[in-house]
Each structure stands twice: as structure tokens, then as C-alpha cells.
Amino acid sequence: MYRLIRIWWVAVLLVVIWPGEKGLVSAGRPDFPVSVVVSKVVEQPIVGTLKTVGTVEPLITTTLSAEIAGLVERFDLHAGEYVEKNKTVICQLRNTSLRISLREAEAMLARARAEAEKLKRGLRPEEVAERRARVKEREALLKKFADDLERAKNLFQKRVISRSDYIQAESNYLAATAQLEQATQQFRLAEQGTRKEDIAAAEAEVQRMQANVDRIREDLRKTTIRSPISGFLVRKYLEVGQWVERGGKVAEIIDLETVLVRVGVNERDIRHLAVGDRAVLTVDAYPEEEFQGKIRYIIPQADPTSRNFPVQIAVQNTP
211 MYRLIRIWWV
221 AVLLVVIWPG
231 EKGLVSAGRP
241 DFPVSVVVSK
251 VVEQPIVGTL
261 KTVGTVEPLI
271 TTTLSAEIAG
281 LVERFDLHAG
291 EYVEKNKTVI
301 CQLRNTSLRI
311 SLREAEAMLA
321 RARAEAEKLK
331 RGLRPEEVAE
341 RRARVKEREA
351 LLKKFADDLE
361 RAKNLFQKRV
371 ISRSDYIQAE
381 SNYLAATAQL
391 EQATQQFRLA
401 EQGTRKEDIA
411 AAEAEVQRMQ
421 ANVDRIREDL
431 RKTTIRSPIS
441 GFLVRKYLEV
451 GQWVERGGKV
461 AEIIDLETVL
471 VRVGVNERDI
481 RHLAVGDRAV
491 LTVDAYPEEE
501 FQGKIRYIIP
511 QADPTSRNFP
521 VQIAVQNTP
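For the sequence shown, my numbering begins at 211 and goes up steadily by one.
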């Protein structure tokens, strides 16, 4: 478990190693013999320390935003609760209409796939025979209506039937002619097989339907807002029943696994520091404990007010 933090002042002890220098120290000759122990001159580093104060803050603070507009249906968490990365559901938006749209889109996709597969396979022999028989049927029907029209024409000229009866016979003949043309065209297409252009168009329709399904599924995923990091929920921007626009704030989460300590170091001492140097920290909340950290960043530009260089120290926040 991580320690809870607040923005507090901390005492920081930076442990710095300066390079040493080798050399000999001479003195005036004494007036009497002196016993001397001689040892080899060696170069050793000098460990120095710098004391300063700083502030503690989370290394990572993230503000969750809604990727899609919607009505808040659930928001069960409270400020201060711990959340897990990609597991804890922060907020749930209503998605009933999207789920209905997804079912419709999936049905249309299945139909488009079936049509494309049918075009690729072509018609079965029995289907071709069925279309041939339909042509024969239409031809016979057309011959009948042609005879009926010829008979109606003679009777109309003899004033045996009315004009409306003649017009009806003529309409039946024209309709039978159109039906025969349609049946003949369908039979010829069946004999020739499916054109490549028709298959390409059907496959393009499948891709369009698949893209629509993928889009709805992605929108549906966005209605469940999960935490992108592990940490603590520190602020809620929404409540159940509120409407959130796309990009609207949902919650604020901080990661306390590693905290950041910001300190200022003067121009005289900054040259002795380097990224990776060790730092020892004490805080007001735990006065008897020391926390170990390392310099993470050194900003090479001094603050114009304090004339100190900002230094950031990373500290593992575990007991």
C-alpha cells in the first residue's frame, strides 16, 4: 500500500561526491630529528552534502475525459478510493441505443456476406434450369395474350366488346412482353455467370458493413470509462444523471507509487549535482523516517525570482 501524501514541505539532504585532488604538503625543516611514517599519496573522492527544502507531489496526475458524449448511468466510486489500471470502471455511460444499433449492423453485415458468397459461388445448375423454365413459361403466356389481343381487336372492330375490354387485352399483352424480357435477361446472366464487377461491389459492401460494425463497437467500448493508471481517485467531475460532452472531464487520478520532490539549488552548488545522485528526505508526517530518492531531472535554467535551479527528485512511496 502507498503512503497518502499532501503537498508538504520536506527537508532534503543531497549527497554529492566531489572529485578529490592528490598532492604533497610541505613544512619548514624542524630543528630536531623527527620520526616520519611515509605512505603513498592517493586520490579519493570527497563526499559532500547539500541541505535544502522542497515540496512533494505525485509523479503522475491524470484527468480522465469522456471519449464520447452520453448520460452518466453509474459512478459508484468516491474520492480517496484506490483504482487499478485498465480494470476499475470509473464511470458508465448509458449505451442502450448503441447496443441496438450494433445488433442491426451485425445483421446487415451477415446479409451482405451471404450475398457476396452467393455471387462468388454462382447459381447452382437447378437454379439455371429454373430460370430456363421461367422463360418458357413467359413465352407461352405471351403467346396466349397475343392471341387474346388479336381476338379482342377483331371483336372490338365488330363492336362486340367494349373499348375497355380491348384496352385490358392490350395491357395484358404488353405486361407479358416485359415479363418475358426480364426472364430472358435473368436466364442469360445465369448462363454467363456472375461478373467480376458484381463480386467486387458485393465485397466492397461487406467491408463497408464491417467498418460500420467496428465503429459502433468502438463507440460502445467508450461508454465504459476505465482508469488508465493505478492510483487514487481524488476528484469527481460528474454524478449520475448528468450529461457529459465528448472531451468533458470525468475524474482526476493520482499515481503515488513514485512521488516527485521539487527543490531549488543555488548557482554555487548546482554544478556538483548530476542526474542519478542520491537524496535523503524527511517529511513532517513521518519525522522519524528517512526516504531515499534519486535526482531525476535538473532544469538548466534558473528561476528568475529565487535564482535557484529547479531539481526534481524521484522517491519510491512504499513503506
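Note that beta-carbon positions come from the ideal geometry of N, C-alpha and C, so glycine has one too. Remember, predicted model here, so these are calculated numbers, not experimental data.
{"Asked": "Compute the beta-carbon to beta-carbon distance between L319 and M419, rounded to the nearest angstrom, for a pair I have assumed lies under 8 Å.", "Found": "4 Å"}
{"Asked": "Closest Cβ-Cβ distance between K354 and chain C: below 8 Å?", "Found": "The structure shown contains no chain C, having only a single protein chain."}
{"Asked": "To which residues of the same chain is E340 closer than 6 Å at the C-beta, ignoring the five residues directly before and after it?", "Found": "none"}
{"Asked": "Is it buried or exposed, A362, if we count other Cβ atoms within 10 angstroms and call 16 or more buried?", "Found": "buried"}
{"Asked": "If the criterion is Cβ atoms closer than 8 Å, does the pair G444 and E415 meet it?", "Found": "In the sequence on display, residue 444 carries Val and not Gly. Result no, Cβ atoms of V444 and E415 do not sit closer than 8 Å."}
{"Asked": "Comparing C-alpha positions only, which one of L390, V473 and A350 sits nearest to V266?", "Found": "V473"}
{"Asked": "Can at least three beta-carbon pairs, one atom from the region 293–313 and one from the region 476–496, be found at a separation below 8 Å?", "Found": "no"}
{"Asked": "Would you mind reading off the limits of the beta strand (DSSP E) that contains V345?", "Found": "Note, V345: premise wrong, no beta strand (DSSP E); alpha helix (DSSP H) at P335 to Q367."}
{"Asked": "Evaluate contact between the region 269–284 and the region 386–393, counting only Cβ atoms and requiring at least three cross-stretch pairs below 8 Å.", "Found": "no"}
{"Asked": "Between V454 and L260, is the Cβ-Cβ spacing less than 8 Å?", "Found": "no"}
{"Asked": "Looking at C-beta atoms only, is the number of pairs between the region 320–327 and the region 428–436 that lie closer than 8 Å three or more?", "Found": "no"}
{"Asked": "Do L359 and A379 have their C-beta atoms closer together than 8 Å?", "Found": "yes"}
{"Asked": "Tell whether a beta-carbon distance below 8 Å holds between A315 and I409.", "Found": "no"}
{"Asked": "If you check the beta carbons only, do E449 and V282 fall under 8 Å apart?", "Found": "yes"}
{"Asked": "Using CA atoms only, rank isn't needed, just tell me which of F285, I377, G264 and R369 is closest to Y174.", "Found": "Past the boundaries of the shown model lies residue 174; the chain is included only from 211 to 529, so the question cannot be answered."}
{"Asked": "My assumption, with CB atoms under 8 Å, is that R506 sits in contact with Q526. Please give the rounded CB distance.", "Found": "Not quite, the Cβ-Cβ distance comes to about 12 Å (not below 8 Å), so this is no contact."}
{"Asked": "Where does L466 sit, in a helix, a strand or coil, going by DSSP?", "Found": "strand"}
{"Asked": "For R418, name the three-state secondary structure that DSSP assigns.", "Found": "helix"}
{"Asked": "Rounded to whole angstroms, what's the CA-CA distance from Q302 to R344? Just pull it up for me.", "Found": "58 Å"}
{"Asked": "Specify the secondary structure class of D480 as computed by DSSP and reduced to three states.", "Found": "Note on identity: in this sequence residue 480 is Ile, with Asp being the wrong assignment. If DSSP states are grouped into helix, strand and coil, I480 belongs with the helices."}
{"Asked": "Can you tell me the Cα-Cα spacing of V263 and V423, whole angstroms?", "Found": "57 Å"}
{"Asked": "On a Cα-Cα basis, can you pick out the residue from A484, V460, N364 and I508 that is closest to H288?", "Found": "V460"}
{"Asked": "Given that a residue counts as buried once 16 or more other Cβ atoms are within 10 Å of its Cβ, and exposed if not, what is G280?", "Found": "buried"}
{"Asked": "Distance check for Q396 and E337, CA to CA, integer angstroms please.", "Found": "11 Å"}
{"Asked": "What are the residues that DSSP puts in a beta bridge with S275?", "Found": "K459"}
{"Asked": "Residue range of the beta strand (DSSP E) that K504 falls in?", "Found": "Y496 to I508"}
{"Asked": "Give the DSSP-derived three-state secondary structure of E327 in the structure shown.", "Found": "helix"}
{"Asked": "What did DSSP end up calling R517 once you bin it into helix, strand or coil?", "Found": "coil"}
{"Asked": "CB D465 to CB G441, shorter than 8 Å?", "Found": "yes"}
{"Asked": "Whose C-beta lies closer than 7 Å to the C-beta of L458 among residues of the same chain, with five residues either side of it excluded?", "Found": "At residue 458 the sequence reads Gly, which differs from the Leu that was named. Once the five neighbours on either side are set aside, the close Cβ partners of G458 are S275 and A276."}
{"Asked": "On the CB-based measure, 16 or more other CB atoms within 10 Å of its CB, does Y383 come out buried or exposed?", "Found": "buried"}
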